[in-house]
Structures are given as C-alpha cells and as structure tokens.
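Going from the sequence shown to this note's numbering is simple: count from 1 and add 963.
Report on the structure given below.
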Amino acid sequence: SGPLKDMNFSFPEGGGGLRFIYQFTAEPPAVSFRVTGEQDGIIDIVPETGILYLNGSLDRETKAVHRLQVESLDKMGNIVKGPHAVTIHVEDINDNPPKFDQLEYTGVVRQNTRPGKPFMYVHASDCDDPTTPHAQLVYSILHHFPNPYSEMLFQIDNITGAISLSKQGSYYLDPQKQDTFTLVVTVKDMAGMTTNAFIDSTDVIITVKESLWKAPPTIRIRENSTQVHPVNISQVHSNEQDVIYDLFEKEKLPRFPFSIDQNGVIYVTEPLDREEKDTYSFYVVTKDSKGELADRPLNIQVVVEDINDNPPVCQKALTVLEVQENEAEGSTIGTLLATDMDEKDTLNSRLHFKIQSQFPEVPASNLFFIQQDTGTLQLISRSLNKGVASNYSLKVLVTDEVFQTICDVQIHVIDINDQIPIFEKSDYGNVTVAENVPVGTVILEIQATDGDEPATGSSYIIYQVKEGDPNNVLIIETDPETNRGFVKINKALDFEATQVHNLVISATNPEPLVENVKYNSSSLALFKVIVTNVDEPPLFNKAVYSTEVSEDIAVNSLVITVEAYDPEGNTSRFLVEGGGTMSWWPATHLQQTAGQCFSNQLFLCAKSQVALTLRLKDVNDNPPRLVMDYPPFFCYPIVGGEKAFIQATDDDKQLYFPQFTFSLADDMNARNNWEISRVNGTHAYLSPKHSNFEEKAYSVPVIINDNGKPPLERRVNLEVNICRCSSENSCF
964 SGPLKDMNFS FPEGGGGLRF IYQFTAEPPA VSFRVTGEQD GIIDIVPETG
1014 ILYLNGSLDR ETKAVHRLQV ESLDKMGNIV KGPHAVTIHV EDINDNPPKF
1064 DQLEYTGVVR QNTRPGKPFM YVHASDCDDP TTPHAQLVYS ILHHFPNPYS
1114 EMLFQIDNIT GAISLSKQGS YYLDPQKQDT FTLVVTVKDM AGMTTNAFID
1164 STDVIITVKE SLWKAPPTIR IRENSTQVHP VNISQVHSNE QDVIYDLFEK
1214 EKLPRFPFSI DQNGVIYVTE PLDREEKDTY SFYVVTKDSK GELADRPLNI
1264 QVVVEDINDN PPVCQKALTV LEVQENEAEG STIGTLLATD MDEKDTLNSR
1314 LHFKIQSQFP EVPASNLFFI QQDTGTLQLI SRSLNKGVAS NYSLKVLVTD
1364 EVFQTICDVQ IHVIDINDQI PIFEKSDYGN VTVAENVPVG TVILEIQATD
1414 GDEPATGSSY IIYQVKEGDP NNVLIIETDP ETNRGFVKIN KALDFEATQV
1464 HNLVISATNP EPLVENVKYN SSSLALFKVI VTNVDEPPLF NKAVYSTEVS
1514 EDIAVNSLVI TVEAYDPEGN TSRFLVEGGG TMSWWPATHL QQTAGQCFSN
1564 QLFLCAKSQV ALTLRLKDVN DNPPRLVMDY PPFFCYPIVG GEKAFIQATD
1614 DDKQLYFPQF TFSLADDMNA RNNWEISRVN GTHAYLSPKH SNFEEKAYSV
1664 PVIINDNGKP PLERRVNLEV NICRCSSENS CF
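In structure tokens:
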C-alpha cells in the first residue's frame, strides 16, 4: 500500500481468480477512489479501501499492456488527487506452441549439390514474446525416410530452417537409385533447451534430380584451325543459379588458350599446335556472389588432333655408308633415317622412300635398292668395282601423304676385307688394380694392326673382351686415328666378388671378311686383372629414400625401413644428419659406418650416406582463429543497421579456398543481443539486434568452424566496444 501516484506493475499472464495488485491510501479530504482506462472487465478498484485488483486471467497475446488512470475523490465525488497513470505490464509465459506455416513442404535438389548450400526453407512461428526464450525456436530433423546409410543425407540449420545436403548426401545422392525422400522436421520453443518445450512437426518431401554439373567427354580439337576465334568447344551447367564461372589452370602455361563465359560456354581462344602441346587439362570452377565455391571443380580434358602439317626431315644432311666391292646381291648397306613431327603411328607420319637418282650411273643406273617403308638400302648387283667408281651419290625421295623431301646419301666403295687384325703381342701380362679405382680409369693400352685399306670399315679395329668378363666390368675404346685400344673400368670392381679376372680380348672389323679368310689366334690376346682389397664403405640398397607421413604421426612410429650392407661383412651402424621442422626435409641424410670403428673414433670408419626425403601430409589439427588489428566497435547510441567485419584464418593447408562458418555460442544473452552473418569462407558480419545497449565493452562468444576432416572449431570471446565516436567514426 501507499499514497496515490504514477505506478508500474508486472503480472504474469494466465492464472485466474481474485488477485490484489495494490492498495492506495487516502489523504484527507479524499474518502474513495475511482479507476478508468483499459480495464477489460478484469481490473477494478474497491472505492472505499483503494484496493486495485484483478478478477480474471491476463493474456499477453491479446493485450501486453493495460493503461489505467486512478483518482481519489471527496465525499461529494469531486477529484482530490489524480488522475495518476497506473500501467500493468503482462509478463509472457510459455503458453503458445510453435506452429509451422505449412502442413507439408516440397523441395527439389540436384545430386552433387555442394553440402551446406540451402535449397529450401521451412518456417514456424510462435505467438509468445519474441524477446524471451518462449519464442526462440530451433529446428531439427527427426526422421529421414528412406535412410540407406548410417549418416544423414540432409541437414537443417537449427536457427533459420534452411535445409541442405550433408557431405554424405552431396556424395551419395543418386536419382537413379532413390529420387524421393521424406523428412520429418520438428520445431521446438525454449531454444530446445528444456524437456517441457512445445514441439510441432511437418513433413518435407524432397525430390532428387540428376546433376547438371558434369564434365563433358574429352574435347577433341583439330590443330591449326582456320576458324575465327574464339571458338565454342563445350558447355557446362551449374546446379545453382547466378554463379560465376571461371577456369583454373592445372598446369602453369606461358599462354593459356581457353576461356569461359558466364553461361558456362568454354572457348578455345586461338589455333592450337599439336606439335607444341598435344593435350590440355584444366578445371572449371563456379563461385557464388560471396566468392565461395558453388560446385566441385570439374576436370576438363582437351586432346589436340593431328593434321598433316609437317614434312619429312632427313636425320642427317648427308648419310654416309660403306660397301665392299665384293658384296653379294641383296646385302644390306645401311639405313637412311628420316622423321616426321606429325602424330606417331598415324598415316600423317608414315614415310615412303624411293631412289630418285644415282650418280655415277656406272656400271649400271640401278645398282641400289631401298625398301620403301624402312629406308634400308641393299645392293642389287654384285658388280661394284672401286676402280670404276669409288663413290656413289643417291638422291632419295622421302614422302608422306602431303609433303616430300630429298635426302642425300653417299656410298663409299671400299677395298675387300681380306686382312685380319693382328695383336702386337699375345699376352699383356698382369695388371693390379685397387677395387676402388674410379669408373672410366684406363688400366691398359693395347694395339693391333690391319693391312686393309686405311680409314675404312675393313681396317678399323673393334676390341672386345671375349672371355673372363661376364658382368661387363671392363670396356675397350678404339682411337680411330691409330686403332689403339684403351681398356677402361666400366663398372666398379669388387674384391669380395672377384679377385682375379682372366681375360681374352679379340680384335675384329666392322666389315665382313671375304669368304676364304677367317679370324685366328693372331687376333686374340690375353691379360690378367688382379683386384686388391680396399676397406670400402657400406652400401645402401637404394640411391634415394623417400616417404610420406601424416604430421600427427605418433612418436616412435615406424616411418621407413632403410637397408644397407657392408661388402666386407662388418657390423654397420646408422646415424641421422640434418632435418628440421619444415614440411619436408631434403637435407636429411642417413649415414652408415662400418670397419674398425669404435664409439669414440667414428672418424676412422668407412662411411656412406644417402638422402632421405620425408614429406609431411597436413592434417586438420589447427582450429581457426580470428585475425583482427583491433577489437570491433559500434558508435553509441546504436541506431540500427550497424555491422562489424570479422575475419578468420587457419594454419592448416587449404586445398582451394577456406570454408569457415561463423555462429554465436549457445548462449541466451548472446543470441538475444547479437547476430552473425557469413560473408564468405573467411569473413562474417557481427551486428547488434537492438538499440538498447549501454556505453561499455561487451564479450560476445563466437564459434568458428573450419569444416575440415575432422571439423575443428574454436570459441572466441570477442570483445566489442560500444563507445562514443568522433567525427571520423572512431572511439574517443
């Protein structure tokens, strides 16, 4: 009770029966009270006592505020005091269940639509006070018919009611297997946080249609096209509307000859040259208005088809061959080599050979024959005589289906090979060589002579190890000026494998001997190679080791097995040098020691080392974080429409573009006062929901999710300042 004055009262809606609100005390000469205004038949006052009371139920949804006027009266009914304003605020209780706008919803989605992209919305309303939890609604999917997989194919934004595909749905949905799904979607009030929240449900019928977003078959383009460019070569269609098409190069080319317009039409922008590049591979990407990927990138394959635009080319400006004057008919003299830059194994690069002319034409004009498909030259007549002609010049016509080229061939007629090479001595004795002598070292010089015509194939000497070197450890090279032979190390010697090599060397000619002449022991020589032992370093089984592991590999996990052996059979040890904390370690070496080593005398050991490249695969182990130069602020007082820009980043590797999502923590105070809206994969807007903010700092709990595998999120208490601003819109 108390004196008559302006007053405010709050009463919860509902209830019923008689309830006292307040008793006004009379001040003489007042003896009674009177009430007028929005009584609605349930609010009144006892005149004699001044008791203001309720006699019925309040309903906030019918009237949220009752405005009354109370006066005090004297005995004559005249106003003594007042009227004074008495306001009764009706407090909300959760007495209205949420209600979907429709009994049933229908929607259409295409297979492979990107996960998280809404293709339809459901909406429900609640008549309770929207500023209280009673009208805060959350959506969820209760059932999913049919559900052939263990995980849901669809998902719903619990705040907005936006329905989209889950990652599994984007991958698995196929209208050929199942083209209709029914979702049972529920809505709860009280933000779904209490067990006595009201619930409504509705059916959502979803039709799945075939994806429009498909890579075209391999595109084939004929090279050196004379069409006016750019030329339409294909078209792709996104599953979404109003996307931006772009091309993403798989290869970094100095010139990229393709483009795409905003209808998804792909063009080649200039004539292509197959001999320059015969295939192209690139991606088509689509982005929405926020710059985020709208569809998975499509791989486009282009093959450049060959046309016959290259003439045959002689491999040598002049092809020089030799033939003995006594060669038999049909003997092969040699092969003319020519090439064609057009596509291999096609008619465009098929070559034909034909002798166009022979000079001199003695003793006949057709002494030689060339095989038309191989270019192999053969002798037609056994009538060559060096005294008549020692050289012949041939013009050979080489053709493909369009072009022709003339190749020059010179054939030298040489003396018959009737002399065999003869060694200057039959035994070169012993040569002692350490097993670590470098490859390429000359260990012996040998000499044989030949009495045939000098500087011809009949007198040139070829030295070969005929016996005693099955592994080709040695090689013999001939000086063409002197016919002197140089015996060289061809492969590393190995004392542990072979200590002595007993060798037989032969000397022969590239030209065949005449029929009645044979090679004999004069063309053979002996010598012995004695290999001495060296304390060799151990040997790794591979020249290079490389492997790849995830960056979160457990300590003491096996990374790679490295194997080595010591030729002398000594015990080996492994050491690791180099390395670091980079994503790959090119400087890491494994070092192996062997021989007479002691733990404190490693410098005495024979050592070898091999590179080990360890590549680290990124795993999603870094949650996103905010990157801001200064805390966001809003100018006081809040007038509406203000937005603050916030940005997130992630230390993990991003395959294409970051795909962060932003939300407020499940905190009633944060949701009542703030809202957050995603701008793109890295940015969002933070906005106040009303203007009733004080001039101070607020802590806003923001959750950032990176949508990785596995998804990681970070909760950040973002400090937001509401402050008075200068004319430059900065706090002061």
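Cβ atoms here follow ideal geometry from the backbone N, Cα and C, with glycine treated the same way.
Chain-order list of residues whose beta-carbon lies under 6 Å from that of residue i (same chain, five-residue window excluded)
{"i": "S973", "result": "H1052, E1054"}
{"i": "E1290", "result": "L1342"}
{"i": "V1683", "result": "P1595, Y1661, V1663"}
{"i": "P1096", "result": "M1153, A1154"}
{"i": "A1048", "result": "D969"}
{"i": "L1698", "result": "In this structure the chain extends from 964 to 1695, so residue 1698 is not present and cannot be described."}
{"i": "G1697", "result": "Because the chain in this structure spans residues 964 to 1695, residue 1697 falls outside the shown range and cannot be described."}
Residue(s) in a DSSP beta bridge with residue i
{"i": "R1641", "result": "A1647"}
{"i": "P1275", "result": "Its beta-bridge partners do not exist; DSSP assigns none."}
{"i": "L981", "result": "N1018"}
{"i": "D1241", "result": "D1241 pairs with nothing; no bridge assigned."}
{"i": "R1183", "result": "V1266"}
{"i": "Q1198", "result": "V1228"}
{"i": "F996", "result": "S1035"}
{"i": "C1090", "result": "Answer is none; C1090 lacks a bridge partner."}
{"i": "G1297", "result": "L1340"}
{"i": "G1705", "result": "Past the edges of the chain, shown from 964 to 1695, lies residue 1705, and the structure says nothing about it."}
Residue i: first and last residue of the uninterrupted beta strand (DSSP E) it sits in
{"i": "Y1426", "result": "1425-1430"}
{"i": "S1035", "result": "1028-1036"}
{"i": "A989", "result": "Unbroken run through A989: none, as it is neither H nor E."}
{"i": "Q1367", "result": "1367-1377"}
{"i": "L1357", "result": "1354-1362"}
{"i": "G1448", "result": "1447-1452"}
{"i": "L1284", "result": "1281-1287"}
{"i": "L1729", "result": "Past the boundaries of the shown model lies residue 1729; the chain is included only from 964 to 1695, so the question cannot be answered."}
{"i": "T1524", "result": "That residue, T1524, is in no beta strand (DSSP E); it is neither H nor E in DSSP."}
{"i": "Q1139", "result": "First-last for Q1139: undefined, no H or E at that position."}
{"i": "C1686", "result": "1676-1686"}
{"i": "F1082", "result": "No beta strand (DSSP E) holds F1082; DSSP gives it neither H nor E."}
{"i": "T1510", "result": "1507-1513"}
{"i": "A1397", "result": "1390-1397"}
{"i": "P1046", "result": "1042-1054"}
{"i": "H1106", "result": "1101-1108"}
Minimum Cβ-Cβ distance from residue i to chain C less than 8 Å
{"i": "F1316", "result": "Considering every chain present, this structure includes no chain C. It has just one protein chain."}
Extent of the continuous alpha helix (DSSP H) run through residue i
{"i": "M1631", "result": "1631-1636"}
{"i": "K1070", "result": "Note on identity: in this sequence residue 1070 is Gly, with Lys being the wrong assignment. Not the alpha helix (DSSP H): G1070 falls in the beta strand (DSSP E), residues 1067-1073."}
{"i": "Y1593", "result": "Neither: Y1593 is in no alpha helix (DSSP H) and is coded neither H nor E."}
{"i": "Q1696", "result": "Residue 1696 is absent from the structure shown; the chain starts at 964 and stops at 1695."}
Inter-residue CB distance, residue i and residue j (contact presumed, cutoff 8 Å)
{"i": "I1270", "j": "R1185", "result": "6 Å"}
{"i": "Y1599", "j": "I1666", "result": "Contact doesn't hold; Cβ gap of about 27 Å is too wide."}
{"i": "F1316", "j": "G1338", "result": "5 Å"}
{"i": "R1073", "j": "L1175", "result": "6 Å"}
{"i": "Q1499", "j": "N1434", "result": "According to the sequence as given, residue 1499 is Glu; it is not Gln. Contact flag wrong, Cβ pair sits at about 17 Å."}
{"i": "I984", "j": "F996", "result": "No, I984 and F996 are not in contact; Cβ-Cβ is about 13 Å, not under 8 Å."}
{"i": "N1380", "j": "L1476", "result": "5 Å"}
{"i": "S1486", "j": "F1386", "result": "7 Å"}
{"i": "R1588", "j": "T1612", "result": "6 Å"}
{"i": "V1231", "j": "V1194", "result": "5 Å"}
{"i": "V1208", "j": "T1249", "result": "Sequence check: residue 1208 is Tyr here, not Val. Y1208 to T1249, Cβ: 6 Å. Contact."}
{"i": "T1076", "j": "L1128", "result": "5 Å"}
{"i": "V1522", "j": "T1510", "result": "6 Å"}
{"i": "P1217", "j": "N1187", "result": "Wrong, their Cβ atoms sit about 19 Å apart, outside the cutoff."}
Contacting residues, own chain, Cβ-Cβ under 8 Å from residue i (five flanking each side not counted)
{"i": "C1583", "result": "One detail in the question is off: residue 1583 reads as Asn in this sequence, not Cys. These residues qualify, in order along the chain: D1615, D1669, G1671, K1672, P1673, P1674, L1675."}
{"i": "N1635", "result": "T1094, K1652"}
{"i": "N1453", "result": "V1402, N1435, V1436, L1437, I1438"}
{"i": "I1112", "result": "Going by the sequence as given, residue 1112 is Tyr instead of Ile. Q1131, Y1135, listed in sequence order."}
Own chain partners of residue i with C-beta closer than 7 Å, once the 5 adjacent residues on each side are dropped
{"i": "F1561", "result": "Unreliable placement is indicated for F1561, whose pLDDT of 42 sits below 50; the coordinate value is still reported in the next sentence. Excluding residues within five positions, none has a Cβ falling inside 7 Å."}
{"i": "E1292", "result": "L1342, I1343, S1344, R1345"}
{"i": "N1496", "result": "E1398, F1458"}
{"i": "M1545", "result": "The predicted position of M1545 is uncertain, since its pLDDT is 39 and thus under 50; a value taken from the coordinates is nonetheless stated next. Around M1545: no qualifying Cβ."}
{"i": "G1070", "result": "F1082, M1083, I1126, V1167, I1169"}
beta-carbon residue i near the ligand COA non-hydrogen atom, thresh 7 Å
{"i": "F996", "result": "The ligand COA is not part of the structure shown, which contains no ligands of any sort."}
Q) Between the region 1462-1473 and the region 1522-1536, do three or more beta carbon pairs fall short of 8 Å? A) no
Q) Is the region 1304-1324 close to the region 1262-1277, with three or more CB pairs under 8 Å? A) yes
Q. Counting pairs of Cβ atoms below 8 Å between the region 1401-1415 and the region 1443-1459, do you hit three or more?
A. yes
Q) Is the region 1016-1031 in contact with the region 1060-1072, if contact means three or more CB pairs nearer than 8 Å? A) no
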